[in-house]
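*Asks:* The structure follows.
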Amino acid sequence: MHIKKHLSFSGLRKMLSERFLQIEDYRASGKVKYSQHDFFMTGFAMMYLQDPSLLSFQTRLQTAFNLNNLKTMFHMDSIPKDTQLRDVLDQAPTDGLKAIFSDYLNQLQRGRHLESFQFLNGSYLVPLDGSEYFSSKNISCPGCLKKEKPVGDIRYHHQILQAVIVHPDIKQVLPLAPEPIRNKDGYTKQDCEINAGKRIISRIREDHPKLKIIITGDGLYSKQPFIDEVKKAGMSYILVAKPTDHKFLFEWVDELNSLGDVQRLEVKNPKGKTHTYEWINQVPLNGRSGDVNFFRFRILDKGKITYQNSWVTDIHIDKGNIRDLVKGGRARWKIENETFNTLKNQGYHIEHNYGHGTNNLSFIFFMLNLLAFYTHQILELTDLLYQRCRQDFSSRKEFFNQIRCTFRFMVFESWEVMLEKIIGPP
Ligand SMILES: [Zn+2]
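According to the numbering used here, the sequence shown holds residues 1 to 426 in order.
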C-alpha cells in the first residue's frame with residue numbers, strides 16, 4: 001500500500017507562480033510597473049474565488065486588507081489596472097498556461113492520486129468533447145469562428161476541444177490542456193472539431209509519452225482518419241458508432257448476428273431492468289479500411305428500451321471486459337456533466353465575457369478559469385481541510401459565498417489558515 005501525498009493549495013499556487021514567472025514578457029523592460037506574474041495571478045485569483053466581474057473584483061481588492069490577502073495567498077505584489085491587464089494578457093503566449101495542466105497531472109501521479117483513475121489494464125479513459133464559450137454578433141477577433149446565416153446574419157464564436165481524464169466511479173475529473181478550435185491568419189477554411197481532435201491527440205502524446213490512454217468520443221470521431229491518428233499515437237479508443245453513420249458496419253453485424261456469431265450477455269439488475277450486452281470482434285468499419293471490434297448495449301425496463309448505444313474499439317472484447325467497455329463508453333457523459341455543466345452553471349461563469357481582445361485574451365481567460373476549476377478538483381480529491389470545509393456547506397455556491405466574504409473581511413497568513421478559520425469555532 002502506497003501512501004498518497006496530500007496536495008495543498010499553497011503547493012499548487014507555487015507551481016502556478018513558477019510558470020507565470022517564466023511566461024515571456026513582450027513589453028519593453030524598464031517601463032513596466034507590474035510584473036507579468038501579477039497579471040496572470042489576478043486573472044487566476046478572480047476565477048479561483050469565483051468572482052466573475054473583473055472590474056468590481058478589482059475595485060474590491062484595491063483596499064489594503066485584500067491586497068494583503070493577495071500577497072499572502074497568491075503571492076502578488078500589486079494589482080494591475082483593468083485595461084492594462086487585458087492588454088497584457090491579450091498579447092501573452094498560451095504555451096506557459098498549457099504547461100500547467102501537465103505540471104498538475106505529474107504532481108497527481110507523483111502523489112499517487114492518478115492511479116485510482118486507472119480503468120482497464122492500467123489505462124486512463126480520456127473523453128473528448130467540443131464546447132463553445134463565446135458567441136456574439138458584434139464582438140470578434142481574427143481567431144473567431146464565423147458562421148453566416150442565410151439571411152446575412154453573422155455570428156462569431158470561440159470553441160475549444162477538451163480532453164479530460166475520468167473514471168466512471170470518481171466524481172472529480174482531471175482536465176488536460178484545451179485545444180482551441182480557431183481560425184488562423186491566412187486560412188479561409190474554418191477550423192473544426194475533428195481537426196482539433198487530431199491536434200490534441202498528438203499534443204497529449206507529446207506531453208505524456210508513457211501514459212496508457214483510451215480515447216472516447218461521440219459519433220463524430222468513429223471515422224477511419226481519426227482512428228488512424230489515435231493508433232499512430234499509441235492509444236486505444238472507444239468511439240460511438242451509430243447505425244446511420246455506419247451502414248456497412250451494421251449490415252455486417254446483422255448478417256453475423258443471423259449466423260449466431262454475435263456474443264451476448266444478459267444481466268437482470270436488482271431493480272428488474274435487463275442489461276443486454278452484445279459484441280463481435282473484427283468487423284470492417286467500412287468497405288475500404290481495417291477491422292474494428294464492435295459492441296452495443298441496451299437497457300430494457302418493463303419491456304421498454306430506456307437506453308441504447310453502440311461503439312467500436314480496438315480492444316479485444318470478451319465476457320471478462322464487456323461490462324467495463326460499456327462503462328467506459330458511457331463515461332463520456334462525465335465531460336458534459338462534471339466538466340462543461342459545472343463550468344457553465346456552478347460559479348465559474350465560463351461563458352461570461354471577461355474580455356475578448358484581438359489575439360489570445362478570451363482563450364487565456366478560459367484557460368485561467370479551467371485552471372481554477374482543476375485546482376478545486378485536486379483539492380476536492382486530495383486535501384482533507386478543503387473537503388471538511390466544503391462539507392460544512394449545503395451547496396457549492398454557499399461555500400464560495402463564505403470564502404469570498406471571509407477573504408474580504410480579514411487578512412490571513414495563508415489560504416489554509418483561512419479555511420481553518422471558516423470551520424473553526426466562531
Ligand atoms: Zn474572437
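For every residue, glycine included, the Cβ atom is placed at its ideal position computed from N, Cα and C. Keep in mind that this is a model prediction, so the values were computed, not measured.
Using the Cα positions of Lys81 and Leu21, report the straight-line distance between them to the nearest angstrom.
*Replies:* If you take the alpha carbons of Lys81 and Leu21, they lie about 19 Å apart.
*Asks:* Just tell me which of Leu114, Ile181, Gln118, Arg27 has its CA closest to the CA of Phe363.
*Replies:* For the residues Leu114, Ile181, Gln118, Arg27, the minimum Cα distance to Phe363 belongs to Ile181.
*Asks:* Which word fits Tyr307, buried or exposed, when buried means at least 16 other C-beta atoms lie within 10 angstroms of its C-beta?
*Replies:* Result: exposed.
*Asks:* Where DSSP assigns a beta bridge to Leu128, which residues make up the other side?
*Replies:* Leu128 pairs with Ala163.
*Asks:* Would you call Ile350 buried or exposed, if buried means 16 or more other Cβ atoms sit within 10 Å of its Cβ?
*Replies:* Its Cβ being crowded by 16 or more others within 10 Å, Ile350 is buried.
*Asks:* In terms of DSSP beta bridges, what is Phe294 paired with?
*Replies:* According to DSSP, Phe294 bridges with Ile280, Val312.
*Asks:* Nearest by alpha-carbon distance to Tyr277: which of Ile317, His37, Arg155 is it?
*Replies:* Comparing Cα positions, the closest option is Ile317.
*Asks:* In this structure, how does DSSP classify Phe134 when only helix, strand and coil are distinguished?
*Replies:* In this structure, Phe134 counts as strand in the three-state DSSP scheme.
*Asks:* Between Cys428 and ligand 1, is there a pair consisting of the residue's CB and a ligand heavy atom that are separated by less than 7 Å?
*Replies:* Only positions 1 to 426 of the chain appear in this structure, which leaves residue 428 out of reach.
*Asks:* Taking 7 Å as the cut-off, is the beta-carbon of Ser362 closer than that to any non-hydrogen atom of ligand 1?
*Replies:* Yes, ligand 1 has a heavy atom inside 7 Å of this Cβ.
*Asks:* If you measure from the CB of His349, is any heavy atom of ligand 1 nearer than 7 Å?
*Replies:* No - ligand 1 has no heavy atom lying nearer than 7 Å to the Cβ of His349.
*Asks:* Whose C-alpha, out of Ile154, Pro270, Gln172, Phe409, is nearest the C-alpha of Asp383?
*Replies:* Of Ile154, Pro270, Gln172, Phe409, the residue nearest in Cα terms is Gln172.
*Asks:* Using the Cα positions of Val326 and Ser123, report the straight-line distance between them to the nearest angstrom.
*Replies:* Cα to Cα, Val326 sits roughly 15 Å from Ser123.
*Asks:* Go ahead and pull the three-state DSSP assignment for Gln8.
*Replies:* Here residue 8 turns out to be Ser, not Gln, going by the sequence shown. Correct three-state label for Ser8: coil.
*Asks:* Got a sec: does ligand 1 put a non-hydrogen atom nearer than 7 Å to the Cβ of Tyr156?
*Replies:* It does: the Cβ of Tyr156 is within 7 Å (strictly closer) of some heavy atom of ligand 1.
*Asks:* Could you work out which residue in Asn257, Val411, Lys198, Phe44 is closest to Ala233 when comparing CA atoms only?
*Replies:* When only C-alpha atoms are compared, the closest one is Lys198.
*Asks:* In or out: Trp315 buried (at least 16 other Cβ within 10 Å) or exposed?
*Replies:* The question names Trp, but residue 315 is Ile in the sequence shown. Answer is buried; the Cβ neighbour count reaches 16.
*Asks:* Among the residues of its own chain, which have a CB less than 6 Å from the CB of Gly431, if the five just before and after it don't count?
*Replies:* This structure cannot speak to residue 431, because the chain is shown only from 1 to 426.
*Asks:* Going by beta carbon distance, what residues of the same chain come within less than 6 Å of Trp279, once the five residues before and after it are set aside?
*Replies:* Taken in chain order, the residues that qualify are Gln263, Phe295, Ile317, Ile322.
*Asks:* Cα-Cα, which of Ile23, Cys389, Gln224, Met418 is closest to Asp291?
*Replies:* If we check each option's Cα against that of Asp291, Gln224 comes out closest.
*Asks:* What is the residue span of the beta strand (DSSP E) that Val240 lies within?
*Replies:* 236 to 240 is the extent of the beta strand (DSSP E) around Val240.
*Asks:* Distance check for Thr42 and Leu89, CA to CA, integer angstroms please.
*Replies:* Approximately 11 Å, taken between the alpha carbons.
*Asks:* Taking DSSP's pairing of strands, which residues face Asp301 in a bridge?
*Replies:* Looking at the DSSP assignment, Asp301 forms a beta bridge with Lys304.
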